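Heads up: the sequence shown begins at 85 in our numbering, then just goes up one per residue.
Structure, as structure tokens:
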Amino acid sequence: MKINANFNERVVINTNEMSWTPSPMPGVDRKMLDRIGEEIARATSLVRYAPNSHFSAHTHGGGEEFLVLEGEFNDAAGCYPAGTYVRNPLGSSHAPWAGAEGAVIFVKLHQFDLQDASHCVIQTREQAWYQGMVPGLKVMPLHEFGAEHVALVKWAPNTRFNPHQHWGGEEILVLEGVFCDEHGVYPAGSWLRSPHLSKHQPFTGPEGALIYVKTGHLGDLIR
Ligand SMILES: [Fe+2]
Ligand SMILES: [Fe+2]
């Protein structure tokens, strides 16, 4: 199966307009954003767990990265309420489940650099923000390895960033508000993947925005 598998193409999806499709596990549905492979895949997805549903034990052959968007997600190592960012490195395994409210997670599978063995759990709702490169921008770094950088970025209303080019591409999930650039307007729930050497000048309107952003992981770097 291949979904949005040409990483040289720009992709914009309003995930609110996609319907959930069932996974092999009862109570677990997903929206596939990009994918190369079948059930074991290089994949980027939103995954929705019904209240008290669980997934079978599995090993992360290429690593697993997720951000809990709603509800509460759990495994034997801990409890991950909404806002938790987790990285489970190559070879890690677990059998996760959702709490009584269910959970929605944004998850990226099989995309770790082979040398990136770090495990991390970050409660983003309790972390400090740092001043960004322009007024109105606040940044919370989540992970760095090689050329890859992951952060949450909070945009105050009516913030304008500098024009820039994405070395190794850029991937964004809009978590709150409305994110904009000269190519479009992206409300909460939008997922954007911009290829290596793409350019834009992003900004926000009166709503401001909160985004998850990963850079440096696309183009020739695709594994
Ligand atoms: Fe997993
Ligand atoms: Fe950008």
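No residue lacks a Cβ here, since even glycine has one placed at the ideal position from N, Cα and C.
Treat the numbers as computed from the prediction; the structure is a model and nothing was measured.
For Pro-286, verify whether its CB is less than 7 Å away from any heavy atom of ligand 2.
Locating residue 286 in the sequence shown gives position 202, where the first residue counts as 1. For ligand 2, at least one heavy atom lies less than 7 Å from the Cβ of Pro-286.
Does DSSP put Gly-303 in a helix, in a strand, or in coil?
Taking the first residue of the sequence shown as 1, we reach residue 303 at position 219. Here Gly-303 sits in helix by DSSP.
Tell me whether Thr-173, by its Cβ, gets closer than 7 Å to a heavy atom of ligand 1.
As a working note, residue 173 is residue 89 in the sequence shown. According to the sequence shown, residue 173 is Pro rather than Thr. No, the beta carbon of Pro-173 sits no closer than 7 Å to any heavy atom of ligand 1.
What's the C-alpha gap between Gly-146 and Phe-263?
Here residue 146 refers to the residue found at position 62 of the sequence shown. Here residue 263 refers to the residue found at position 179 of the sequence shown. If you take the alpha carbons of Gly-146 and Phe-263, they lie about 31 Å apart.
Which one of Ala-166, Tyr-164, Ile-87 and Phe-190 has the shortest CA to CA distance from Asp-118?
Numbered from 1 along the sequence shown, position 34 holds the residue referred to as residue 118. It is Ile-87.
Between Glu-123 and the rest of its own chain, which residues show a CB-CB distance below 8 Å, the 5 nearest in sequence each way excluded?
In the sequence shown, residue 123 corresponds to position 39, counting from 1. Contacts found: Pro-108.
Looking only at DSSP bridge pairs, what is Gly-162 linked to?
Sequence index remark: in the sequence shown, residue 162 carries index 78 (1-based). Partner(s): Asp-159.
Compute the distance between the beta-carbons of Leu-257 and Phe-190, then report whether it is under 8 Å.
By one-based count along the sequence shown, residue 257 stands at place 173. By one-based count along the sequence shown, residue 190 stands at place 106. Yes, the Cβ-Cβ distance between Leu-257 and Phe-190 is below 8 Å.
Confirm the yes/no value for this check: CB of Glu-148, any heavy atom of ligand 1, distance under 7 Å.
Numbered from 1 along the sequence shown, position 64 holds the residue referred to as residue 148. Result yes, Cβ under 7 Å from ligand 1.
Since I believe Ala-89 is in contact with Leu-193 (beta carbons under 8 Å), could you give me their beta-carbon distance rounded to a whole number of angstroms?
By one-based count along the sequence shown, residue 193 stands at place 109. By one-based count along the sequence shown, residue 89 stands at place 5. The Cβ separation is near 14 Å, so there is no contact.
With respect to 7 Å, is the separation between the Cβ of Pro-180 and the closest non-hydrogen atom of ligand 1 below this value?
Residue 180 sits at position 96 when you count from the first residue of the sequence shown. Checking the Cβ of Pro-180 against ligand 1 gives yes.
Three-state class that DSSP yields for Arg-132 in the structure shown
The count along the sequence shown starts at 1 and reaches residue 132 at position 48. Correct three-state label for Arg-132: strand.
Answer yes or no: the CB of His-138 versus the heavy atoms of ligand 1, is any distance below 7 Å?
For the purposes of this step, residue 138 is identified with residue 54 of the sequence shown, where counting begins at 1. The answer is no for His-138.
Along the chain, where does the beta strand (DSSP E) containing His-138 start, and where does it finish?
Looking up residue 138 in the sequence shown gives position 54. Careful: His-138 lies outside any beta strand (DSSP E) and carries neither H nor E.
With 16 as the cutoff for other CB atoms within 10 Å, does Trp-239 come out buried or exposed?
Translated into positions along the sequence shown, residue 239 becomes position 155. So Trp-239 ends up on the buried side.
Counting only runs that start and end within the stretch 243-300, where is the beta strand (DSSP E) found for 3 or more residues in a row?
254-265, 268-271, 274-278 and 287-299
Just verifying my parser: in three-state terms, what is the DSSP assignment at Glu-148?
For the purposes of this step, residue 148 is taken as the residue at position 64 of the sequence shown. Here Glu-148 sits in strand by DSSP.
What beta strand (DSSP E) runs, 3 residues minimum, are completely inside the stretch 177-232?
181-193, 204-207 and 221-229
Would you please state the rounded distance, in angstroms, between the beta carbons of Glu-260 and Leu-236? I believe it to be under 8 Å.
To locate residue 260, count along the sequence shown from 1; it is residue 176. To locate residue 236, count along the sequence shown from 1; it is residue 152. Actually they are not in contact, since the Cβ atoms of Glu-260 and Leu-236 sit about 10 Å apart, beyond 8 Å.
Continuous beta strand (DSSP E) assignments of at least 3 residues falling wholly in the stretch 86-122:
95-98 and 112-121
Between His-301, Leu-302 and Pro-271, which has its C-alpha nearest Glu-101's C-alpha?
Your numbering for residue 101 matches position 17 in the sequence shown. The option with the nearest alpha carbon to Glu-101 is Pro-271.
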